[in-house]
Structures are given as structure tokens and as C-alpha cells.
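S.K.: Residue numbers (this note's numbering): 323 to 944.
Here a beta-carbon is modelled for each residue, glycine too, at the ideal position from N, C-alpha and C.
Structural data, given as C-alpha cells:
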């Protein structure tokens, strides 16, 4: 990893390292530690999710600037429009700020369920686009009709022929009952032959879950003509997958969709004026230059879309389509960073003070001790190989009962110390063997968060996220690190990867606090997060910068307390309260003051969240 934790790769100039600290590269440039301490000073503990609306604004401006530049460069006549897919992040502290920031761009919202459609109807400015994707019943279609009657610019995207039949039934029913004057626009999602790439490749191709084949597309258009609704057919839509790391699959899909658009125009679809290219614009999550995820720039992305749409329209003699995009990850990912305190470091037992050498030790242990005491840069590789060989022999002797538990402990400690010393002596030799051996001496950092709640894509898809400490950045980190969350699940860890190593600092958390930051967590992670072990969404706060560069921390929502968590699980919390209180009343405790004291502690704990208290908080340290 680069010495800056790869911030020059994934950071997009949003953060800067200043001596010991990482700072927000905006306004007065507060450090993440400063923001964390301000929130914690109000009594908030556990992990904290910081939201930065100015980074949402930056992404929106970047997206529109790229497409406006491409339109100008190629003389493109169609418009550019954007919608945010609500499935990426429906949380109010994100959506409310997003709507305020994006209104000047006529930015819309995309809904994929009834609840999301209600949010879109309530939050989208009149005139800004709304698209309705996913499977729909008549009730959902009716909501879209109500939105159109309310003045919204809404498009129902047909995923199958049955939905088109539903639209026609609702149209006929509501026209008769309500004398409708306005109906929604109609779009059709196309099932392309082209596929995406990576974990979400199955969103495209003939085997994809959504969309109409070319045969169904023609049948759907004929049905629209039969009911005189062809003028309402305004958009074709496709999506070949999220997080497209390679631009080439998109270019292939654009050519395919562009020719479908042109074919329908030539068939007489006069109302058809737009192509919605869906989402997929990738975010760079990599911290190592050798594992970068995106092979294109935003400028290249926009240029390819505009150029290909123009080229096809010109060759087919049809109007250049308006371009719509539903890029959600690109807009939301960077706005959120999770800050979580390290609670404990494991594996520190491998220190010289832990040795229990006897007056007379097994010969191989005596040899290991001699190797440790005499290892130098010149003999480091040889001694390292000897130590590893001795360890295998000694563990075999233990299994056969020839050496005891203390001997085994001494073996583990001495070999670990030799590996550490060899790596330090050979640190300038970037060999595969040394990287592999770092796995043997890794430190386990117990961090106060839930992987399943806050980074579910790491657990489910092995999607990496940039992680780094927010302090001690002027000190070279030396500890190969595995990160453990606090759930009771062995999957709740970010294991040390020698090909993409993470190194952290050797810290005594009983003497000083040490926080880790997990970046680019603003897309999908919150909405997909699960309450494994009943750990809930962390405390969140919004950091808003004023025009003078100062900032305000607001919209703080604390993590749910224990009773609220149980209530969400449909437990009868009143009954639980009675049972807990009754158990104390009936207990062997005789003193009323003792009972009152225990009840007081119980209700105090019930009013707090599930996350653990740090050592410093327990000991009363700052």
C-alpha cells in the first residue's frame, strides 16, 4: 500500500493528510478526529457515520459537467438528465440534503417499490423526472397515475408484457372513474444481448431478470398502438450492472440499445425521445495501484455515451435521443465515512516477556532461541527458513506427546519473534515470501462496529472499502492488520491480505484512543445492512459547511437503544420490562436500596445502544 493508505487513488482530493491527521479537504478543513470528538463530547459512543453533503454536490457537478462538455464537443442536440435510484440510499439524512442540492439540475428520483415511489412523489420537485422500475402490480401502477395527475414528470418502465396489460387496465379504469387528463409516460426496459462485468454482470444479457426481448418489444409497441398510447411511449431503458470496472461492455450495450432506439423510431414511435442507460458508473475503492477497479475516467464515460448515441442517430436518420442516467453509487458512495474506535489488539502475547524457558529445554527450542538472539540482515533469510522448519518439527513432537504445553508456547513465541525480526531486517526486499509471512504475525484489531450492519458488501461480495486510521499518520505503521468486528460471527472480519496489505499502528488502547475510518460507504451499505446480533444502524451526523468555510454538525440520530431494537423485532417491550423488574423484585436481594440501585443500572443500560463502551469510557479517561 502506498504510504498515504492509497488516498491518492480513492480519495479524489476529498481528504488530505496533515501531519498526524486526516482532514476534510473543504472549507476550514476540520480533521476527522476533531469532528468525531465533537460528537462524542455530547455523549455519543460506538461507531459514528459522518455525512458530507458537499461531496454529493461535487459528484453531481462532476457528472453534469462531463456530459455538458461532451455535448458541446460533439454538437449533441439531445438533453442530459439524471435520476438517483432510491435503492442506493433511502435514509432521510441523505435524501433530504440530496434533494436540496440537486434541485438546480432538475435531478429526479428512481423508485423500485411502492414505498420508494411514495418517497419520490413527496420529494421530487414538480417537473423533475421520476422513473418507476422493477416489478409492479396494479396498485403501484395506480400510484404512478396519481403522480402524473399531481403534475409529476413520471415514466413507468415496463419490465414485462403483463405490466403493460396492467397499465392499460388501470388507464381504462381510472379514465372512466376520474376522467383522467394526464397519464404517465411509458418506457420499456430492453433485455440486451450485451452483459456487464464483475459481481453484477447478470444484470445484463439474455438471462437477466428484467426487460423485454426484441420480440416482446415489438409486441408491446403493437399493443400501445392498438390502444392509441404510442404517443406516451417516450423512453427505452437498459442496465447492464452496477460498478462497471471496464468501459468496453458499456460501449457494446450503447450500440445495441442505440440501434433498438433507432429501429423503433423508424417504426413510427414518434413519442420516443429518450434512452435511459441505467446506472453502473463505477467508484474507485482500491487502496493499491495494482488493484484499481475502474479503467476509465468520467470524461471518457460521458464522451462515449454522447458520441455513440450521436453516431447511431445520424447513421439511421433519426433524432438524437435525450440521455438519462441512474448512477447512484457514483453520487452517494463518497458522502459517508464510518468512524469506529479500536477496542483491543490481539496477538500481542507474542512478546519476549511471554517466554517460559526452562533450565533444560528441548534441543530444537534451544536452537530457536539461538536463532532469535543471533539473527542479522546477512543471515535473516536462512534463519527464517530454519525457524519455520523447526516449528513444524516441534508441533509434530507436541502432537506425539514428546514436548509439553510450555514448550509449544515457547515455540510459537520464538518463531513469531524471528519472523518479525526477519521482516524488519529485510524490509527493503519486496519479496512474495516476506509478504506471505506477514500473515503469520498479523495483529487483530477489535473494532467497535458490525461488518454486517455497516459494510455488508464486504461480507457478501468481498467488495473492498478504503480503511485507515484517522491519527498517527506521521508515524509509519508496522503491524499487518486483520480487523475484527464485535459480532459473534467469525465472518465479521476483514482479513489481512498479503496482496493488498493493510498496516496499522502498535497502540496501547488503554492509554490512547485509536479510530479507524471506513470510506466510500454511502452507497447500498446502509440499506443492505442487517441487524446481525441486533447491532443497529450506527449514530449518524451531517457535517454542513457554510459559505465562510465554517461547519455545523447537525441532524444527529443516535443508534437505537436496546428497547427500541427489541420493539423493532416486535417484542412486547412493556412485558419484557415487567419480567425484568419482576425478577429483581422476587430475587434474593433483601435491601430496597440494593434493588433500586440494580433497577437503576438496568434501566440505564436499556436506554443505551448495543455497541460496546471503549476501555477509556469504562475507566473514565478522555
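State the Cα-Cα distance for the pair residue 697 and residue 746, rounded to the nearest angstrom.
M.R.: About 11 Å.
S.K.: What's the gap between the Cα of residue 580 and the Cα of residue 589?
M.R.: Each residue's Cα considered, the two are about 14 Å apart.
S.K.: Compute the Euclidean distance between the alpha carbons of residue 448 and residue 473, then round it to the nearest angstrom.
M.R.: So the two alpha carbons sit approximately 6 Å from each other.
S.K.: Residues in its own chain within less than 6 Å of residue 766 by CB, not counting five upstream and five downstream?
M.R.: Once the five neighbours on either side are set aside, the close Cβ partners of residue 766 are 668, 669, 804 and 806.
S.K.: Is it the case that the segment 371-385 contacts the segment 856-867, given that we only count it when at least three CB pairs across the two stretches are under 8 Å?
M.R.: Yes: at least three Cβ pairs fall under 8 Å.
S.K.: Can you round the beta-carbon distance between residue 506 and residue 466 to whole angstroms, since I take them to be within the 8 Å contact cut?
M.R.: With a Cβ gap of about 5 Å, residue 506 and residue 466 count as contacting.
S.K.: Rounded C-beta distance between residue 690 and residue 737? I'm assuming under 8 Å.
M.R.: Between residue 737 and residue 690 the Cβ distance is about 7 Å, and since that is below 8 Å, they are a contact.
S.K.: Between residue 593 and residue 552, how many whole angstroms is the CB-CB distance? I'm expecting something under 8 Å.
M.R.: Sure, about 6 Å apart at Cβ, within 8 Å.
S.K.: If we count the other Cβ atoms within 10 Å of its Cβ and call it buried at 16 or more, is residue 368 buried or exposed?
M.R.: Residue 368 comes out buried.
S.K.: Please give the ranges of any beta strand (DSSP E) in the segment 689-728, keeping only runs that are unbroken, at least 3 residues long and fully inside the region.
M.R.: Taking only runs of at least 3 residues, no beta strand (DSSP E) segment lies wholly in the segment 689-728.
S.K.: Look at the alpha carbon of residue 694 and the alpha carbon of residue 723, and state the distance between them as a whole number of angstroms.
M.R.: For residue 694 and residue 723, the distance between alpha carbons rounds to 25 Å.
S.K.: Could you check the C-alpha separation between residue 451 and residue 326 for me, to the nearest Å?
M.R.: The straight-line gap from Cα to Cα measures roughly 41 Å.
S.K.: How about residue 560 and residue 512: are their beta carbons less than 7 Å apart?
M.R.: Yes; because the gap between Cβ atoms is below 7 Å, this pair is in contact.
S.K.: For my contact list, residue 549 and residue 643 are in at a C-beta cut-off of 8 Å; report their separation, rounded to the angstrom.
M.R.: Going by Cβ atoms, the distance from residue 549 to residue 643 rounds to 24 Å, so no, they are not a contact pair.
S.K.: Assign residue 829 to one of three DSSP states: helix, strand, or coil.
M.R.: Residue state, collapsed to three classes: coil.
S.K.: Taking 8 Å as the threshold, find out whether the segment 841-855 comes into contact with the segment 353-366 through three or more Cβ pairs.
M.R.: Touching, no, given that fewer than three Cβ pairs across the two stretches are closer than 8 Å.
S.K.: Are the Cβ atoms of residue 509 and residue 557 separated by less than 7 Å?
M.R.: Against a cut-off of 7 Å, the Cβ pair of residue 557 and residue 509 comes out as a contact.
S.K.: From residue 460 to residue 640, what does the alpha carbon distance come to, in whole angstroms?
M.R.: Roughly 34 Å separates the two Cα atoms.
S.K.: Which residues share a DSSP beta bridge with residue 644?
M.R.: Residue 644 is bridged to 596.
S.K.: How would you write the range of the alpha helix (DSSP H) that residue 625 sits in, first residue to last?
M.R.: Element bounds for residue 625: 620-638.
S.K.: Taking only runs that begin and end inside the segment 855-910, name each unbroken beta strand (DSSP E) of 3 or more residues, in chain order.
M.R.: The segment 855-910 contains these whole beta strand (DSSP E) runs: 861-867 and 873-879.
S.K.: Residue ranges of each alpha helix (DSSP H) run of no fewer than 4 residues wholly in the segment 476-518, ordered along the chain?
M.R.: Counting whole runs of 4 or more residues, the segment 476-518 contains the alpha helix (DSSP H) stretches 483-500.
S.K.: For residue 575 and residue 599, what's the separation of their Cα atoms in angstroms?
M.R.: Roughly 9 Å separates the two Cα atoms.
S.K.: Excluding the five sequence neighbours on either side, which residues of its own chain have a C-beta within less than 8 Å of the C-beta of residue 679, listed in chain order?
M.R.: If we look at residue 679 and ignore the five residues flanking it on each side, its Cβ neighbours are 687, 691 and 732.
S.K.: Can you tell me whether DSSP reads residue 799 as helix, strand or coil?
M.R.: In the structure shown, residue 799 sits in coil (DSSP, three-state: anything other than H, G, I, E or B).
S.K.: If we call anything under 7 Å between Cβ atoms a contact, is residue 555 one with residue 591?
M.R.: Against a cut-off of 7 Å, the Cβ pair of residue 591 and residue 555 comes out as a contact.
S.K.: Using the three-state DSSP reduction, which class does residue 667 fall into: helix, strand or coil?
M.R.: If DSSP states are grouped into helix, strand and coil, residue 667 belongs with the strands.
S.K.: On the three-state DSSP scale, how would you describe residue 347?
M.R.: Three-state DSSP puts residue 347 in coil, outside helix and strand.
S.K.: Measuring only the C-alpha atoms, how far is residue 788 from residue 607?
M.R.: Rounded to the nearest angstrom, the two C-alpha atoms are 6 Å apart.
S.K.: Counting Cβ pairs closer than 8 Å, one from the segment 647-654 and one from the segment 602-622, do we hit at least three?
M.R.: Yes, they touch.
S.K.: Ordered along the chain, which non-local residues of its own chain (more than five positions away) have a Cβ less than 7 Å from that of residue 873?
M.R.: Excluding positions up to five away in sequence, the list reads 349, 350, 352, 865, 866 and 867.
S.K.: Short check: CB of residue 844 to CB of residue 657, under 7 Å?
M.R.: Yes; because the gap between Cβ atoms is below 7 Å, this pair is in contact.
S.K.: Between 744, 728 and 390, which has its C-alpha nearest residue 702's C-alpha?
M.R.: It is 744.
S.K.: Alpha carbon to alpha carbon, how far is residue 439 from residue 903?
M.R.: Cα-Cα distance, rounded: 44 Å.
S.K.: Name the residue from 536, 347 and 514 whose alpha carbon lies nearest to the alpha carbon of residue 562.
M.R.: Of 536, 347 and 514, the residue nearest in Cα terms is 514.
S.K.: Is the beta carbon of residue 646 less than 7 Å from the beta carbon of residue 770?
M.R.: No, the Cβ-Cβ distance between residue 646 and residue 770 is not below 7 Å.
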